[in-house]
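The structure under discussion appears below in the form of structure tokens.
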Amino acid sequence: MLFFKRFMGIVKTIFLISTIILAKQESLENLLLSLEIKNGEEISKYFDSKSEIIIDNKSHKGTRYQQSKVLNKFYNNNNINKFNIIHQGDSENNIIYILAEYSSNNDLYKILLILKNINNKYTIEKFKIDSVS
Numbered sequence: 233m234l235f236f237k238r239f240m241g242i243v244k245t246i247f248l249i250s251t252i253i254l255a256k257q258e259s260l261e262n263l264l265l266s267l268e269i270k271n272g273e274e275i276s277k278y279f280d281s282k283s284e285i286i287i288d289n290k291s292h293k294g295t296r297y298q299q300s301k302v303l304n305k306f307y308n309n310n311n312i313n314k315f316n317i318i319h320q321g322d323s324e325n326n327i328i329y330i331l332a333e334y335s336s337n338n339d340l341y342k343i344l345l346i347l348k349n350i351n352n353k354y355t356i357e358k359f360k361i362d363s364v365s
């Protein structure tokens with residue numbers, strides 16, 4: 233009986249750890265999908281009060297609602313038709329960076345996202361968009 237209780241405790245622990253790991257992956261995957269479909273409202277769920285959007289060296293800070301409006305305005309004004317991840321990495325301080333690009337028929341935009349994992353939740357610290365063309 234004692235063996236069974238210990239065994240079930242180990243199984244529960246493994247299940248909990250795997251659930252937490254999958255939740256982290258899903259959160260990041262949801263963000264990437266939101267970037268691909270250009271959904272400012274969904275992307276803004278990853279912002280907090282310190283998050284910053286920089287579009288062609290112009291900084292934007294504010295509430296999630298304000299940040300979503302900034303992104304939607306960018307998407308509406310630039311006819312973005314493709315999102316491509318170039319590189320994704322992380323550091324030992326729970327910081328994740330994503331290098332990507334948006335493209336339209338005439339323009340190319342380099343994207344830099346810096347995220348932090350705080351309490352098992354991804355938060356965008358910086359979302360930088362630079363026009364290349």
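Here the numbering used here = 1-based position in the sequence shown + 232.
Note that CB positions come from ideal geometry on N, CA and C, so glycine has one too.
Here the structure is a predicted model, which is why all the values come from computation and not from measurement.
Given residue i as reference, the closest of the options once Cα atoms are compared
i	options	result
Asn357	Tyr278, Asn337, Thr295	Residue identity check: residue 357 is Glu in the sequence provided, not Asn. Checking every option, the nearest Cα to that of Glu357 belongs to Tyr278.
Asp339	Ser283, Val364, Gln299, Ser266	Val364
Asp322	Ser281, Tyr307, Tyr354	Tyr354
Arg296	Lys290, Asn310, Asn271	Asn271
Local conformation of residue i per DSSP, three classes
i	result
Phe359	strand
Ile312	coil
Glu333	strand
Ile269	coil
Asn352	coil
Tyr278	coil
Residues that DSSP places opposite residue i in a beta bridge
i	result
Ser291	Ile286
Ile317	Ala332
Leu347	Ile328, Ile356
Lys342	Glu333, Asp362
Alpha carbon of residue i to alpha carbon of residue j, nearest angstrom
i	j	result
Lys342	Asn304	17 Å
Ser259	Ile317	16 Å
Lys314	Asn325	31 Å
Ile269	Tyr334	11 Å
Ser283	Leu344	13 Å
Glu273	Lys301	8 Å
Ile328	Asn351	14 Å
Asp288	Asn262	25 Å
Leu331	Gln320	6 Å
Asn349	Ser291	23 Å
Asn308	Leu264	19 Å
Lys293	Asp280	10 Å
Phe359	Ser266	13 Å
Proximity below 8 Å, CB of residue i to CB of residue j
i	j	result
Ser276	Ile312	no
Ile285	Gln299	yes
Phe306	Ile346	no
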